[in-house]
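Worksheet for the structure shown next.
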Amino acid sequence: MAKIQEVKAAVEAGKTKLVVGLVQEALAEGSAAQDILQEMVDSMGVIGDKFSTGDIFVPEMLMAAKAMAKGVDVLKPLLAGDSSNSLGTCVIGTVAGDLHDIGKNLVSMMIESAGFTIIDLGVDVPTTKWIDAIKENQNVTLVACSGLLTTTMPALKEAVQSIKGSGVTGVKVIVGGAPVTQAYANEIGADGFAPDAGSAAVKAVELVK
Ligand code: B1M
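So the sequence shown is numbered by UniProt numbering: it starts at 1 and just counts up by one.
Structure representation (structure tokens):
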């Protein structure tokens, strides 16, 4: 089996300790960082399907996520370009009630490499914390809110509408996450939406320029 396939299998099996070495070996074998990342993203799809069918449960899902995070750490320097951090500060996080952070971390990495300074509020971010972060940090030009659950889409709406209603100026809000669509972003008054990490970076630059 090619090393890149072994990476995918190890992530799916939640073999955290093996993933770092396998990613390094896959790179040494000539696989591109972007391709290895895509295999790991695909394995999260497999994990999600197995969870939906009751073949695995939350602990297995968590182990797979931890394994992927280890793999992403190895790829990070290869995926993120050089950043001049000239587009201002981006406050990023996952909305209240939501603990998913792999997608948010990829978006953060891509937005940083597009030229933003990142303030990462983590997961389960209460609405007030977004506004505090905008006020407490210098030159915040962008807020990026991630949401992975259909049940936390209302929290996304609350975050966007609170930021918009708070009186802060010069800040654009971008939203995304698996259940989020352009139509939903429009409906809740976000300035932008992106379906994946790469296009989030492109949209982020477009919004602040
Ligand atoms: Co969760 N989970 N989970 N989970 N989990 C999903 C999302 C689910 C689809 C699985 C399933 O049922 N098939 C399902 C949601 C169903 C729904 O809402 N319709 C689900 C569920 C139900 C749950 C729990 C409720 C399970 C339970 O407890 N019974 C629970 C909720 C906990 C909570 O948040 N309160 C839960 C818990 C967890 C773990 C903690 C175990 C773990 C997360 C660990 C972590 O993140 N550190 C986990 C995982 C790993 C998943 C799956 C398997 C993988 C998510 C992932 O990382 N994907 C997921 C199934 C799946 O995705 N198919 C699932 C890879 C990642 C790269 O993709 O996050 O989509 P994604 O990010 C993409 C885009 O969405 C986009 O760009 C990213 C990169 O291209 N994007 C943005 C994301 N944010 C963006 C922001 C932007 C722009 C683009 O602008 C700001």
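Glycine is no exception: its CB is placed at the ideal position from the N, C-alpha and C atoms.
If you count every other CB in all the chains shown that lies within 10 Å of the CB of residue i, and 16 or more means buried, which is it?
i: M1; result: exposed
i: A28; result: exposed
i: E12; result: buried
i: N139; result: exposed
i: V208; result: buried
i: V58; result: exposed
i: N186; result: exposed
If you draw a straight line from the alpha carbon of residue i to that of residue j, how long is it in whole angstroms?
i: K129; j: V20; result: 34 angstroms
i: G103; j: S146; result: 8 angstroms
i: A155; j: V95; result: 6 angstroms
i: V171; j: G88; result: 10 angstroms
i: V72; j: L37; result: 7 angstroms
i: T117; j: E39; result: 28 angstroms
i: A65; j: G14; result: 7 angstroms
i: V125; j: M63; result: 23 angstroms
i: A32; j: K76; result: 12 angstroms
i: E60; j: G198; result: 28 angstroms
i: D196; j: M68; result: 17 angstroms
i: K50; j: V180; result: 22 angstroms
i: I188; j: V41; result: 28 angstroms
Leaving out the 5 sequence neighbours to the left and right, which residues in its chain are closer than 7 angstroms to residue i when beta-carbon positions are compared?
i: E6; result: L22
i: S86; result: G115
i: D120; result: I92, G93, S108
i: K70; result: T16, V19, V20
i: V46; result: E12
Which same chain residues, not among the five before or five after residue i, have their C-beta less than 6 angstroms away from its C-beta?
i: E25; result: K3
i: S43; result: K8, V11, E12
i: M127; result: The question names Met, but residue 127 in the sequence shown is Thr. Once the five neighbours on either side are set aside, the close Cβ partners of T127 are E158, A159, S162.
i: E136; result: none
i: V123; result: T94, L99, D101
i: A178; result: L148
Skipping 5 residues on each side, what residues in its chain have a beta carbon closer than 8 angstroms to that of residue i?
i: T151; result: G97
i: A200; result: V107, M110, I111, A144, I174, G176, A194
i: Q182; result: F193
i: I134; result: V91, V140, V143, I163, S166, V168, V171
i: E206; result: G192
Please tell me whether, using a cut-off of 7 angstroms, the distance from the CB of residue i to the nearest non-hydrogen atom of ligand 2 is below it.
i: V175; result: Absent from the structure shown: ligand 2. Ligands present: ligand 1.
Between which two residues does the alpha helix (DSSP H) containing residue i stretch?
i: V72; result: 58 to 79
i: D120; result: Counting along the chain, D120 falls outside any alpha helix (DSSP H), though it belongs to the beta strand (DSSP E) covering 117 to 120.
i: T150; result: First-last for T150: undefined, no H or E at that position.
i: S166; result: Counting along the chain, S166 falls outside any alpha helix (DSSP H), and DSSP gives it neither H nor E.
i: E206; result: 197 to 208
i: Q182; result: 182 to 188
i: E39; result: 33 to 52
i: L18; result: 16 to 28
i: D132; result: 127 to 136
Residue i lies in the beta strand (DSSP E); which residues open and close that run?
i: K172; result: 172 to 176
i: G93; result: 89 to 94
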